[in-house]
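For reference, the structure discussed in these notes is given below.
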Amino acid sequence: MAKDASRLKSPRCPACGSDAGRKAFDCIEPGFEILVCCGCGMGRTIPPVPPEEIGRYYPETYYGKENVRFNVVFERLTRLFRLRRARVIASRAKPGPVLDVGCGRGFILACLRDLGFQPHGIELSDTAAWHARQVLKLAVETCDFNRSPHRKGVYDAVILWHSLEHLPRPVEALARAHALLKDGGLLAVAVPNVESLQAGLFGRHWFHLDVPRHYFHFGAESLASVLVRQGFAIVQEDHFCLEQNPYGWIQSLYNSLGFDENFLYSLLKNRSARAMRMRRHPIQLALTALTLPVVAALGVLMTLVEAVLRRGGTIEVYAVKRRT
Ligand SMILES: [Zn+2]
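Following this line, the structure appears as structure tokens:
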């Protein structure tokens, strides 16, 4: 992956300690680029937005009105996917205390509560935690995970579902998850896969890049190496994810064809976000409607191909804390 000619002296990689990096590409968001570590392959968003300023990249529409992000059909589908995920976790962890870091609306925790777990969540802000707290009556802390009040050695499972890449210090977060877990406890992690087929093909237009909200960009190998270094043993690595990966193909393809960035995604969101984008881009709306059935079929097909090649657009990794 690395080319000697493009090697740069870069800030030390928090995962492997290497100070050699190479610039992968400039991002769509002006002023940001992706730097890839020559030692372990982990990508970084440069410059990282200071944590105290990142809030302005999470507008209220990111979470949706009363935390409803998508239209009714997609909301139903999202809940089904969460239920499936909770069942995988329950099949690999004893029912006990579980901590979901970046719990969002709390669907996984609510499912796990029904399966006999004691749910705890962490979110970035009160806005993000509103649904989990007020509707699902879950205990959610709004704090920095690395300094959260949770006790060490008591959790049967810690979940970092599409949240690890949002953290400014992900290696510390994995060490913290390790400390909070009981021996043999389960860590469930999902991240976009920067080593995937779709990331390689679409580059800066890749939907799951999501700069600057994503500070770090993991691949299957770089994630595995950092997990092992932090004292985990990997027990399962999935590259087939129907919730995330076909959409990664579909949206990235439209982005790279010159459509307004993430136009379709905005149409799937709640009504106010949808109406605004539809009025602004009527021709793109018509072209999207005409081509979507074919593009969606292509997205599902390519999701199967990349899963077979073990290069899924997002990956789900389950690891257990090795006995200390
Ligand atoms: Zn590295």
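For the sequence shown, our numbering begins at 463 and goes up steadily by one.
Note that CB positions come from ideal geometry on N, CA and C, so glycine has one too.
{"Check": "Where I443 sits in the DSSP three-state scheme", "Outcome": "Since the displayed the chain opens at 463 and closes at 786, residue 443 lies outside it and no answer follows."}
{"Check": "Three or more C-beta pairs below 8 Å linking the region 539 to 557 and the region 710 to 729", "Outcome": "no"}
{"Check": "Reference Y780; option with closest CA among V688, L763, A650", "Outcome": "A650"}
{"Check": "For R666 and I490, believed in contact at Cβ under 8 Å, the rounded distance", "Outcome": "6 Å"}
{"Check": "Closest by C-alpha distance to E603, when choosing among S587, H628, Q596", "Outcome": "S587"}
{"Check": "Cut-off 6 Å between Cβ atoms - residues of its own chain near A477, not counting five sequence neighbours on either side", "Outcome": "C502, M504, V633, V688"}
{"Check": "Beta-ladder partner(s) of G662, from DSSP", "Outcome": "Answer by DSSP bridge pairing: none, since G662 is not bridged."}
{"Check": "8 Å CB neighbourhood of V560 in its chain, flanking five on each side removed", "Outcome": "I551, L571, L574, F579, Q580, P581, H582, Y617, D618, A619, V620, I621"}
{"Check": "C-beta contact flag for G568 and A548 at 8 Å", "Outcome": "no"}
{"Check": "Secondary structure, beta strand (DSSP E): runs of 3+ residues fully inside the region 547 to 585", "Outcome": "559 to 563, 580 to 585"}
{"Check": "Heavy atom of ligand 1 within 7 Å of S472 beta-carbon", "Outcome": "no"}
{"Check": "Continuous alpha helix (DSSP H) stretch holding R691: start and end", "Outcome": "682 to 691"}
{"Check": "Pocket of ligand 2 defined by Cβ to heavy atom distance under 6 Å", "Outcome": "The model depicted lacks ligand 2 and carries ligand 1 instead."}
{"Check": "Proximity below 8 Å, CB of K783 to CB of L685", "Outcome": "no"}
{"Check": "Contacts around T750, its chain only, beta-carbon distance under 8 Å, and the 5 residues preceding and following it disregarded", "Outcome": "Y716, F721, F725, L726, L729"}
{"Check": "Assumed close pair P654, H670 - CB separation to whole angstroms, cut-off 8 Å", "Outcome": "4 Å"}
{"Check": "Buried or exposed by the 16-neighbour rule on C-beta atoms within 10 Å, applied to D409", "Outcome": "Residue numbering for the chain in the displayed model covers 463 to 786; residue 409 lies beyond these limits and cannot be assessed."}
{"Check": "Exposure label - Q698; buried when at least 16 CB within 10 Å", "Outcome": "exposed"}
{"Check": "Euclidean distance between Cα positions of E495 and H743", "Outcome": "28 Å"}
{"Check": "7 Å Cβ shell around G558 - same chain, five flanking residues per side excluded", "Outcome": "F579, Q580, D618"}
{"Check": "According to DSSP, residues forming a beta bridge with L643", "Outcome": "Y617"}
{"Check": "Exposure of K527, with buried meaning 16 or more beta-carbon neighbours within 10 Å", "Outcome": "The predicted model places K527 with a pLDDT of 48, which falls under 50 and marks its position as unreliable; any figure quoted below should be read in that light. K527 comes out exposed."}
{"Check": "Unbroken alpha helix (DSSP H) run spanning Q746, endpoints", "Outcome": "744 to 770"}
{"Check": "Range of the contiguous beta strand (DSSP E) that encloses A497", "Outcome": "Checking the sequence shown, residue 497 turns out to be Leu, not Ala. Segment 495 to 499, the beta strand (DSSP E) holding L497."}
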